[in-house]
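Quick note, the sequence shown lines up with residues 957 to 1392 if you use the working numbering. Positions of the beta carbon are idealized from the N, C-alpha and C atoms, including for glycine. In what follows, a structure is listed as structure tokens, so that the remarks can point back to it.
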Amino acid sequence: MKPVKVGVLGLGTVGGGTVNVLKRNAAEIARRAGREIIITRASAKDLNKQRICDTQGIALTTDPFEIINDPEIEIVLELIGGAGPVKDMALKAIENGKHVVTANKSLIALHGNEIFAKASEKGVIVAFEAAVAGGIPIIKAIREGLSGNQIEWLAGIINGTGNFILTEMRDKGRDFSDVLAEAQALGYAEADPTFDVEGIDAGHKLTILASIAFGIPLQFDKVFTEGITKITRTDVEYAEQLGYRIKHLGIARKTSEGIELRVHPTLIPERRLIANVNGVMNAVLVKGDAVGPTLYYGAGAGAEPTASSVVADVIDVVRALTSDPENRVPHLAFQADALADIPVLPADMFRTAYYLRLHAEDKPGVLAEVTRILAEHQISIEAISQKVPQDNETSVPIIILTQVTLEKEMNAAIAEIEALQTVTGKVNRIRLETLG
Ligand code: NDP
Ligand code: HSE
């Protein structure tokens, strides 16, 4: 059989890693795919730039459309990133009857509904394993491995840069900006690193996970996101004294009222495996009604871990080249005409437990006032402790752990606590999940 010709758009971290893996493992890959897979063309912005891969034998161009319009190319790998011009590239490739493999979560989260509809119309595959959790085959696991289950919830560390920053700050006391610069140098961070630290990248990934877990359309605009920039060493230490770690989690949970989609710093009991996932590693916990909890772990970013997912998608596409489009695994796990219209809940309706840190005057009755407010909002206290004031603090830090409550009640209670004469400054709130 003739080799399958592949064109690569983007030769940066992921594109370079993909070229390396496809070349190095060519023989093994051909044995798996049933055909030889060769990269004949690739594009980048600056052809004089030094690359992490050997581009010998690959025709290079600065114009991605030369590849997209090349009739010889059967599979286009979109490894540029962003959701602007790249959307037109993906749609044009599909229009030209080419299969597309992408690592681009913003493209899928923002434009996936349109892209998959177009792909189905043209009978081509758009594969996106690398878009979520780098090298972990989480899309395949949920879409195929867990397809007999009703997924109840999932929770994951799904941004490598953020987890790398939190780990280095906690373990080595390093500065936020210094660790972020290292993550950028290592090729982990997004072109705009605020996407990593403000939870936008994790929000894109959560959008995709929720869609394939619950069979709902992609709805990034309904994801609640809170970043990691406000996490302090103080909270990390207090959390640890109480037996918790702080992780930046993406959580999707189906409730009787709708679906919670949220990304935020989260206290997790340190005995949970996921609380011990460090550095650039990612992990996703998925709870199915039949299987129970399952955990998937691996590198969340980086050249070859991400290439591992891209190449797996390429092999899947090659294996499916001769299958009828209607007999393929649906893009979003559920048949396109069977996606459900389940509401995504507003933040007010989230149900979670909380860690609260507040500063209050050290005099009788203050704690009673705080606990009265919580009780009036039906918020049960799990633990409460008064800490020793730090060097120049005139008030005492008070840490409260609550049981699960409605976010709306917590917002109201916090506003009332902050209005107390005896409480200074803002209440610092971090959500807490036991993930049991
Ligand atoms: P890089 O910035 O390292 O690479 C982007 C590549 O695209 C570069 O080769 C660049 O060219 C090329 N490029 C940029 N703009 C254009 C353009 N207009 N026309 C043609 N080529 C262009 O990004 P990454 O490899 O890190 O990321 C690629 C995608 O993979 C993104 O969607 C990202 O979110 C995703 N991803 C990244 C991971 C990672 O660990 N880095 C992990 C998982 C997913 P030049 O090199 O000449 O500048
Ligand atoms: N910037 C992303 C991260 C790349 O750090 O997780 C992988 O999607």
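Inter-stretch contact (C-beta, 8 angstroms, three-pair minimum) for the stretch 1318-1328 and the stretch 1255-1271: no
Near the ligand NDP: G971 beta-carbon under 8 angstroms from a heavy atom: yes
Residue burial classification, M957 (beta-carbon count within 10 angstroms, cutoff 16): exposed
Any non-hydrogen atom of the ligand HSE closer than 8 angstroms to D1152 Cβ: yes
Heavy atoms of the ligand HSE versus C-beta positions, residues under 6 angstroms: G1090, N1115, G1116, T1117, Y1144, A1145, E1146, D1152, D1157, G1256, A1257
Beta-carbon proximity list for A1049, same chain, < 6 angstroms, skipping 5 on both sides: I1024, V1032, V1056
G1013 versus I995 - alpha carbon distance: 8 angstroms
For A1259, the first and last residue of its enclosing beta strand (DSSP E): Unbroken run through A1259 is the alpha helix (DSSP H), 1259-1276; no beta strand (DSSP E).
Collapsed DSSP secondary structure at H1394 in the structure displayed: Nothing about residue 1394 can be read from this structure; the chain reaches only from 957 to 1392.
Rounded separation between E1363 and T1117 - CA only: 28 angstroms
P1020 Cβ short of 8 angstroms to the ligand NDP heavy atom set: yes
Of the listed residues M1045, L1376, S1103, nearest to D921 (C-alpha basis): Outside the modelled stretch of the chain, which goes from 957 to 1392, sits residue 921, for which no answer is possible.
Alpha-carbon to alpha-carbon, S1167 and W1109: 12 angstroms
Cβ neighbours of N1384 in the same chain (closer than 6 angstroms, five flanking residues each side left out): R1313
A1309 vs L1388 beta-carbon contact at 9 angstroms: yes
Where the alpha helix (DSSP H) through I1024 begins and ends: 1020-1024
Candidates H1287, A1263, G1091: closest to L1035 by CA position: A1263
Alpha carbon of F1180 to alpha carbon of N1115, nearest angstrom: 16 angstroms
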